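Undergrad: Below: one structure in structure tokens.
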Amino acid sequence: MPELPEVEVTRLSFASRIAGARVLSARLGKPLRWPLGCDPADLADRTVLGVRRRGKYLLVDLDRGLLLLHLGMSGSLGFADRLPPPGPHDHFELATSQGVLRLNDPRRFGAVVYADGEDAAQAVKLLGGLGAEPLTGDFDALVFHAALKSRQSPIKQVLLAGALVVGVGNIYASEALFLAGIRPTQRASRISLPRARKLHAAIRQVLAEAVRKGGSTLRDFSNAHGEAGHFQLDAMVYDRAGQPCRVCAAPIKRIVQGQRATYFCPQCQKP
DNA sequence: AAAAGCCCCTGGATGC
DNA sequence: TGCATCCAGGGGCTTT
């Protein structure tokens, strides 16, 4: 579920409230994608310095080491002074002097990994290959276009891979390509500079807009206070197969690329 | 180096 | 009502 906007909305909803907190205890539920990498008891007495985001990862900085959090497909974080007793899908909990942080993740594709210093092997491995941050100056249209040149895959899959630009998941890839007027099946290497510029701007626009709207809540996403997002109400193409395009009224098409659904308007989006 | 497939796992919607 | 099938917002890993 969570793409960059949902992860960023989650971060914004609890980062300032947890900053400066002292860890009282940590608790694990069922196994997540990877082992925590330390004894949860060792986290006690550390201080939370702040929360950053890299792509779809959250980095909880401690006075010693950091926690790397990923929400996977079905994860969401909660943060509150008190939380109800843990349910069957609550798999990580960090009790602090300023509130309890809890990861709920039914499918358990998510992860919480402890790393001792940011260049710890595991963190480097996970964050090392990530592409540019789309909402910062790090994401450059010319560099983006040059990188597209070496990719023969359909542009939709290049966006999803995260090697050129991070944070664009299945919803926002379809949405950004619609905004840019580019067919998702278009070979990345054949996208001209003007169209690459358009796509670059579309990615930034759609992600920033989604953050402003609190993310997309398709089934179960909510921020750390349990509030839903409402970007999905504005989706131009995602999950709208057969419905009329909001611009030209042509029926939206659904295709499958790399085992994932892609939506586009056959009229507005040119190959 | 890049591309294509395969998994990890649970729950909700749909169809018989 | 019950059961089988398909689908879902991600992404690391292995194999071509």
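Per my numbering, the very first residue in the first sequence carries number 5; after that it's consecutive.
Think of the CB as a built atom: it goes at the ideal place given N, C-alpha and C, for glycine as much as any other residue.
Since the model is a prediction, treat every value here as computed from it, not as a measurement.
Starting from the C-beta of Asp-142, find all residues in its chain whose C-beta is less than 8 Å away, skip the five residues before and the five after it, and write them out in chain order.
TA: Stepping through the first sequence from its first residue, residue 142 is reached at position 138. The residues are Ala-136.
Undergrad: Taking Cβ positions, are Ala-200 and Phe-268 nearer each other than 7 Å?
TA: Position 196 of the first sequence, counted from the start, is the residue given in the question as residue 200. Position 264 of the first sequence, counted from the start, is the residue given in the question as residue 268. Taking 7 Å as the Cβ cut-off, Ala-200 and Phe-268 do not qualify as a contacting pair.
Undergrad: On the three-state DSSP scale, how would you describe Tyr-61?
TA: Position 57 of the first sequence, counted from the first residue, corresponds to residue 61. The answer is strand: DSSP assigns Tyr-61 an E or B state.
Undergrad: Roughly how many whole angstroms lie between the Cα atoms of Ala-119 and Ala-167?
TA: Here residue 119 is taken as the residue at index 115 of the first sequence, counted from 1. Here residue 167 is taken as the residue at index 163 of the first sequence, counted from 1. So the two alpha carbons sit approximately 22 Å from each other.
Undergrad: Find out if the Cβ-Cβ distance for the pair Arg-187, Pro-275 is shorter than 7 Å.
TA: Walking along the first sequence from the start, residue 187 turns up at place 183. Walking along the first sequence from the start, residue 275 turns up at place 271. Their beta carbons are under 7 Å apart, which means Arg-187 touches Pro-275 by this criterion.
Undergrad: Below 8 Å, can you find three or more Cβ-Cβ pairs linking the stretch 209-222 to the stretch 33-51?
TA: The answer is no - the stretch 33-51 does not touch the stretch 209-222, with fewer than three Cβ pairs under 8 Å.
Undergrad: Rounded to the nearest angstrom, how far is the Cβ of Val-55 from that of Arg-15, given a contact under 8 Å?
TA: The residue labelled residue 55 in the question sits at position 51 within the first sequence. The residue labelled residue 15 in the question sits at position 11 within the first sequence. With a Cβ gap of about 5 Å, Val-55 and Arg-15 count as contacting.
Undergrad: Name the DSSP bridge partner or partners of His-74?
TA: As a position in the first sequence, residue 74 is number 70, starting the count at 1. BP columns for His-74 point to Tyr-61 and Ala-115.
Undergrad: Excluding the 5 residues preceding and the 5 following Leu-152 in the sequence, name in chain order all residues of the same chain whose CB lies nearer than 8 Å to its CB.
TA: Taking the first residue of the first sequence as position 1, residue 152 is located at position 148. Result list for Leu-152: Ile-159, Val-162, Leu-168, Ala-192, Ser-193, Ile-195 and Ala-200, in chain order.
Undergrad: Using the DSSP secondary-structure output, state which residues sit across from Tyr-267 in a beta bridge.
TA: Translated into positions along the first sequence, residue 267 becomes position 263. Its beta-bridge partners are Arg-258.
Undergrad: Report yes if the CB atom of Asp-109 is closer than 7 Å to the CB atom of Gly-82, and no otherwise.
TA: Position 105 of the first sequence, counting from 1, holds the residue named residue 109. Position 78 of the first sequence, counting from 1, holds the residue named residue 82. No, the Cβ-Cβ distance between Asp-109 and Gly-82 is not below 7 Å.
Undergrad: Residue range of the beta strand (DSSP E) that Asn-108 falls in?
TA: Numbered from 1 along the first sequence, position 104 holds the residue referred to as residue 108. Looking at the DSSP string, the run of the beta strand (DSSP E) that includes Asn-108 is 103-108.
Undergrad: Based on the DSSP output, what are the partners of Thr-51 in its beta bridges?
TA: For the purposes of this step, residue 51 is taken as the residue at position 47 of the first sequence. Paired residue(s): Arg-26.
Undergrad: Check whether the Cβ atoms of Val-172 and Pro-9 lie closer than 7 Å to each other.
TA: Residue mapping note: residue 172 aligns to position 168 of the first sequence, counting from 1. Residue mapping note: residue 9 aligns to position 5 of the first sequence, counting from 1. For Val-172 and Pro-9, no; Cβs fall outside 7 Å.
Undergrad: How far does the alpha helix (DSSP H) with Phe-182 in it extend, from its first residue to its last?
TA: If you number the first sequence from 1, residue 182 lands on position 178. Per DSSP, Phe-182 belongs to the alpha helix (DSSP H) from 174-184.
Undergrad: Which residues bound the beta strand (DSSP E) around Glu-97?
TA: Stepping through the first sequence from its first residue, residue 97 is reached at position 93. From DSSP, the beta strand (DSSP E) with Glu-97 extends over 94-100.
Undergrad: At the level of alpha carbons, what is the spacing between Phe-225 and Tyr-242?
TA: In the first sequence, the residue the question calls residue 225 occupies position 221. In the first sequence, the residue the question calls residue 242 occupies position 238. Taking the straight line joining both Cα atoms gives about 16 Å.
Undergrad: Note down, in chain order, each residue of its chain lying with its Cβ closer than 6 Å to the Cβ of Gly-59, except the 5 sequence neighbours on either side.
TA: As a first step, residue 59 must be located in the first sequence, where it is residue number 55. Leu-134, Val-170 and Gly-171.
Undergrad: Have a look at the DSSP bridge pairing and note the partners of Lys-274.
TA: The residue labelled residue 274 in the question sits at position 270 within the first sequence. DSSP lists Ile-186 as partners of Lys-274.
Undergrad: Which residue marks the beginning of the beta strand (DSSP E) containing Ala-84, and which one marks its end?
TA: Along the first sequence, one-based indexing puts residue 84 at 80. Element bounds for Ala-84: 80-84.
Undergrad: Under 7 Å Cβ to Cβ from Ile-22, same chain only, skipping five residues before and after it: list those, please.
TA: Here residue 22 refers to the residue found at position 18 of the first sequence. Same-chain partners within the cutoff: Val-52, Val-55, Phe-83, Thr-100, Gln-102, Gly-103 and Leu-105.
Undergrad: According to DSSP, is Arg-68 part of a helix, a strand, or is it coil?
TA: Walking along the first sequence from the start, residue 68 turns up at place 64. In the structure shown, Arg-68 sits in coil (DSSP, three-state: anything other than H, G, I, E or B).
Undergrad: Taking its Cβ as the centre, do 16 or more other Cβ atoms sit within 10 Å of Ala-150, making it buried, or is it exposed?
TA: For the purposes of this step, residue 150 is taken as residue 146 along the first sequence, with counting starting at 1. Per the 10 Å Cβ criterion, exposed.
Undergrad: Sorted by chain position, which residues of the same chain lie with C-beta nearer than 8 Å to Arg-50's C-beta, five sequence neighbours on each side aside?
TA: Reading the first sequence from its first residue, position 46 is the one you call residue 50. Same-chain partners within the cutoff: Arg-26, Val-27, Leu-66, Asp-67, Arg-68 and Gly-69.
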